[in-house]
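Chains D and G supply the protein sequences, listed in that same order. Per the numbering used here, the very first residue in the first sequence carries number 59; after that it's consecutive. Per the numbering used here, the very first residue in the second sequence carries number 517; after that it's consecutive. Glycine residues also receive a C-beta, built at the ideal position from the N, C-alpha and C atoms. All of these numbers come straight from a predicted model, not from anything done at the bench.
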Amino acid sequence: MRNLLLLIARFGSTILFVFLEVICFFLIINYNRSQKEIWAHSANLFTGSVNSKVQSTSDYFYLESVNDSLLTENAKLLAEIINYRIYSKNNEYQDFETQDSILQEYDFVPSRICGKTVNLRNNYITLCRGAKDSIQAGMGVISSDGIVGIVKNVSDNYAQVMTILHGQSQISSSIMSNDFHGTLVWEGEDARKMSLITLPKHAKIAYGDTIVTSGYSTVFPFGIQIGTISDFEIDGGGNSYKVDIDLFNDISNLSHVYVVKSKFVEEKEEIISEADQ
Amino acid sequence: MKFPWLSIFIRFVILVLLQVVIFKRIEFTTGIFAYTQFFVYPIWIMLMPIRIPKPLILIGAFIMGLVIDMFYDSLGVHAATLVFMAFIRDFILNLVEPEVGYDPNISFNLKKIGLLWYASYIGIFLLIHLFVYFSVEAFSFVYMEEILISTVMSLIFSSLLMIILILIFNPKY
């Protein structure tokens, strides 16, 4: 109490000054139109900027769940687009009025990437989802920009993916404009370049042509874009082109992928293996 | 120490009347002179006895500011300015202190302290007063140009006016 009195004795006039000025500014803001408007506007500017900062910060905390829901949504849209694309390709010359029975051949499971290598000769990716999310060995894995690889091993919660950057990876792919068909392999130099081999030498190709998956296997659906032709030559003494391709996607900075689930794997494989016998 | 309360009160009334009846109505209309406003009431705070307790001068400034504001229809603007000036009056007095110091008993006697001292005191005090006043009135430094022009123009005319008043009334304290 004594300290308080001392404080008042010492700074009393300053406290009174501040008190009176506060009253004055209260009056100014409440009883003068132009100042009131300026005050309201400035206060809004200030609180507005604080609010938006708080909002953007809290958004950051919800980023993960937002990401997850966006991934799920993306997977649904992707399935819709691809199934529709396959349907329209298969029924190119039919009437499109009976669209209600589009065959839902493909389904997509979104997943985060838990680990990966890109600088080895044989590169693998580990997904954070496994058998619990109905991922099985042999399924294809794509990203938003292109193809990623094929699932090799599956545990309950994880899956190992052999990427297209792998010595044994062979992806059946074709040229988008004319359907000439070849095999996509990686020669082990650049994570952004691959080669298309066994492309017949009478095929019409040009620089910049787009390469897509052929859809001949059950691993990848038809028409997923892979990359563009950057260079081509005929193999010495061979019967086919060797085409260099610039990939659309960059596996080294991927963080989310979609696992391709085909409903007719067994049926399709059955008929292929019957033919082999 | 005895304060001349009566003459302080009479000054209050006269200055408020001068301000709101006469000088509020004087306006220039041409060019840069249109920014001019005449201020006489701050001289009330200027002429307060040197040893007056600070809380009293602050409350006095607040009351005078509010009265002026009521006539000017700008509640709070003059009061805020005048309270601020009352608060920093001591600093200004120190700034213009004559070499022999102030005589607290006769305060600001024109004969003793000289017209030059009055001119510099009024000049500095008014400069700060006007700048603060126009800033609070505009309420935003976006209007800096207008604030400065108004301050300079009003400073010229108001300080002349105040010096004339001092010469005419020749206050003893």
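Cross-strand partners of T170 (chain D) (DSSP beta bridge): Your numbering for residue 170 (chain D) matches position 112 in the first sequence. Looking at the sequence itself, residue 170 (chain D) is Arg, so the reference to Thr does not match. Paired residue(s): D:H314.
Return the first residue and the last residue of the alpha helix (DSSP H) that S71 (chain D) is part of. Against the first sequence, residue 71 (chain D) aligns to sequence position 13. Boundaries of the alpha helix (DSSP H) around S71 (chain D): 60-89.
Looking at C-alpha atoms only, which residue of D:S71, D:Q335, D:S202, D:H99 is the closest neighbour of I575 (chain G)? Residue numbering aside, residue 575 (chain G) sits at position 59 when the second sequence is read from its first letter. Looking at the Cα atoms, D:S71 is the closest of the given residues.
Comparing the C-beta of F607 (chain G) with each C-beta of chain D, is any distance below 8 Å? Looking up residue 607 (chain G) in the second sequence gives position 91. Chain D contact via Cβ: absent.
Rounded distance between the beta-carbons of G240 (chain D) and L257 (chain D), thought under 8 Å: Locating residue 257 (chain D) in the first sequence gives position 199, counting from the first residue. Locating residue 240 (chain D) in the first sequence gives position 182, counting from the first residue. Going by Cβ atoms, the distance from L257 (chain D) to G240 (chain D) rounds to 4 Å, so yes, they are a contact pair.
Out of G:F673, G:I644, G:L681, state which residue places its alpha-carbon closest to the alpha-carbon of E476 (chain G). Absent from the model: residue 476 (chain G). The displayed extent of chain G is 517 to 689, so no value can be given.
Could you name the residues that DSSP lists as bridge partners for M252 (chain D)? If you number the first sequence from 1, residue 252 (chain D) lands on position 194. M252 (chain D) pairs with D:I303.
Terminal residues of the continuous alpha helix (DSSP H) containing E327 (chain D)? The sequence position of residue 327 (chain D) within the first sequence is 269, counting from 1. Counting along the chain, the alpha helix (DSSP H) containing E327 (chain D) begins and ends at 323-334.
Relative to the alpha-carbon of S83 (chain D), which residue among G:L626, G:I638, G:P569, G:F578 has its alpha-carbon at the smallest distance? Looking up residue 83 (chain D) in the first sequence gives position 25. According to the sequence shown, residue 83 (chain D) is Phe rather than Ser. Per the Cα distances, G:F578.
In angstroms with no decimal places, state the Cα-to-Cα distance between N215 (chain D) and K262 (chain D). Counting from 1 along the first sequence, the entry for residue 215 (chain D) is found at position 157. Counting from 1 along the first sequence, the entry for residue 262 (chain D) is found at position 204. Taking the straight line from one Cα to the other gives about 45 Å.
Stretch-stretch touch, CB-based, cutoff 8 Å, three pairs: the segment 646-655 of chain G with the segment 308-317 of chain D: Contact check between the segment 646-655 of chain G and the segment 308-317 of chain D: fewer than three CB pairs, one atom from each, fall below 8 Å, which does not count as touching.
Measure the alpha-carbon distance for G356 (chain D) versus E95 (chain D) and round it to whole angstroms. Here chain D comprises residues numbered 59 to 335, so residue 356 (chain D) is not present and cannot be evaluated.
Contact between the segment 176-194 of chain D and the segment 206-220 of chain D (3+ Cβ pairs under 8 Å): yes
V599 (chain G) and E79 (chain D): beta carbons closer than 8 Å? Position 83 of the second sequence, counted from the start, is the residue given in the question as residue 599 (chain G). Position 21 of the first sequence, counted from the start, is the residue given in the question as residue 79 (chain D). Yes, the pair counts as a contact, with Cβ atoms nearer than the cut-off.
8 Å Cβ cutoff, V668 (chain G) in contact with chain D: Position 152 of the second sequence holds residue 668 (chain G). Chain D, which has no Cβ nearer than 8 Å to the Cβ of V668 (chain G), makes this no.
Chain G beta carbons: is any one of them nearer than 8 Å to that of Q93 (chain D)? The residue given as residue 93 (chain D) occupies position 35 in the first sequence. Taking 8 Å as the CB threshold, Q93 (chain D) lines the interface with chain G.
Spell out whether any CB of chain D is found under 8 Å from the CB atom of F641 (chain G). Position 125 of the second sequence, counting from 1, holds the residue named residue 641 (chain G). Contact with chain D is absent for F641 (chain G), since none of that chain's Cβ atoms lies less than 8 Å from the residue's Cβ.
Shortest alpha-carbon distance to I87 (chain D) belongs to which of G:L609, G:L591, G:V529, G:K540? Counting from one through the first sequence, the residue named residue 87 (chain D) turns up at place 29. Closest option to I87 (chain D), Cα to Cα, is G:L591.
Check the Cβ of G592 (chain G) against every Cβ in chain D and list those closer than 9 Å, keeping chain order. Position 76 of the second sequence, counted from the first residue, corresponds to residue 592 (chain G). At a beta-carbon threshold of 9 Å, the residues of chain D lying near G592 (chain G) are I81, C82, F83, F84, L85, I86, I87, N88, Y89, N90, Q93, ordered along the chain.
Pair within 8 Å by beta-carbon distance, G196 (chain D) and V318 (chain D): Indexing the first sequence from 1 puts residue 196 (chain D) at position 138. Indexing the first sequence from 1 puts residue 318 (chain D) at position 260. No, they are not a contact pair.
Can you list, in chain order, the residues of its chain whose CB lies under 6 Å from that of K288 (chain D), leaving out five sequence neighbours each side? Residue 288 (chain D) sits at position 230 when you count from the first residue of the first sequence. A quick correction: the sequence has Ser, not Lys, at residue 288 (chain D). Cβ neighbours of S288 (chain D) within its own chain (closer than 6 Å, five residues either side excluded): D302, D304.
Less than 8 Å separating the beta-carbons of R527 (chain G) and L563 (chain G)? Here residue 527 (chain G) refers to the residue found at position 11 when the second sequence is read from its first residue. Here residue 563 (chain G) refers to the residue found at position 47 when the second sequence is read from its first residue. Against a cut-off of 8 Å, the Cβ pair of L563 (chain G) and R527 (chain G) comes out as a contact.
DSSP three-state assignment for E291 (chain D), whether helix, strand or coil: Along the first sequence, read from residue 1 onward, the residue named residue 291 (chain D) stands at position 233. Three-state DSSP puts E291 (chain D) in a strand.
Closer than 8 Å, CB to CB, is L63 (chain D) near chain G or not? For the purposes of this step, residue 63 (chain D) is taken as residue 5 along the first sequence, with counting starting at 1. Not an interface residue.
Alpha carbon to alpha carbon, what distance is there between I629 (chain G) and L664 (chain G)? Translated into positions along the second sequence, residue 664 (chain G) becomes position 148. Translated into positions along the second sequence, residue 629 (chain G) becomes position 113. Distance between the alpha carbons of L664 (chain G) and I629 (chain G): 31 Å.
Could you give the DSSP three-state label for V668 (chain G): helix, strand or coil? Here residue 668 (chain G) is taken as the residue at index 152 of the second sequence, counted from 1. Reduced to three states, the DSSP call for V668 (chain G) is helix.
Less than 8 Å separating the beta-carbons of I573 (chain G) and R605 (chain G)? Position 57 of the second sequence holds residue 573 (chain G). Position 89 of the second sequence holds residue 605 (chain G). Taking the C-beta atoms as reference points, R605 (chain G) is found nearer than 8 Å to I573 (chain G).
Is any beta-carbon of chain D found at less than 8 Å from that of F600 (chain G)? Counting from one through the second sequence, the residue named residue 600 (chain G) turns up at place 84. True, the Cβ-Cβ gap to chain D drops below 8 Å.
Classify G581 (chain G) as helix, strand or coil using the three-state DSSP reduction. Start at 1 with the first residue of the second sequence, and residue 581 (chain G) comes out as number 65. Helix.
Is I171 (chain D) closer than 8 Å to V323 (chain D) when the C-beta atoms are compared? If you number the first sequence from 1, residue 323 (chain D) lands on position 265. If you number the first sequence from 1, residue 171 (chain D) lands on position 113. Going by C-beta atoms, V323 (chain D) is not nearer than 8 Å to I171 (chain D).
DSSP state of I222 (chain D) mapped onto helix, strand, coil: The count along the first sequence starts at 1 and reaches residue 222 (chain D) at position 164. Coil at I222 (chain D), not helix or strand.
Flag this pair as touching only if the segment 270-286 of chain D and the segment 230-238 of chain D have three or more C-beta atom pairs under 8 Å; answer yes or no. yes
If we count the other Cβ atoms within 10 Å of its Cβ and call it buried at 16 or more, is Q335 (chain D) buried or exposed? Translated into positions along the first sequence, residue 335 (chain D) becomes position 277. Exposed, since its Cβ has fewer than 16 Cβ neighbours within 10 Å.
Rounded to the nearest angstrom, what separates V199 (chain D) and I292 (chain D) at their Cα positions? As a position in the first sequence, residue 199 (chain D) is number 141, starting the count at 1. As a position in the first sequence, residue 292 (chain D) is number 234, starting the count at 1. Distance between the alpha carbons of V199 (chain D) and I292 (chain D) is about 31 Å.
In whole angstroms, what separates the C-alpha of S146 (chain D) from that of I193 (chain D)? Numbered from its first residue, the first sequence carries residue 146 (chain D) at position 88. Numbered from its first residue, the first sequence carries residue 193 (chain D) at position 135. C-alpha separation (whole angstroms): 27 Å.
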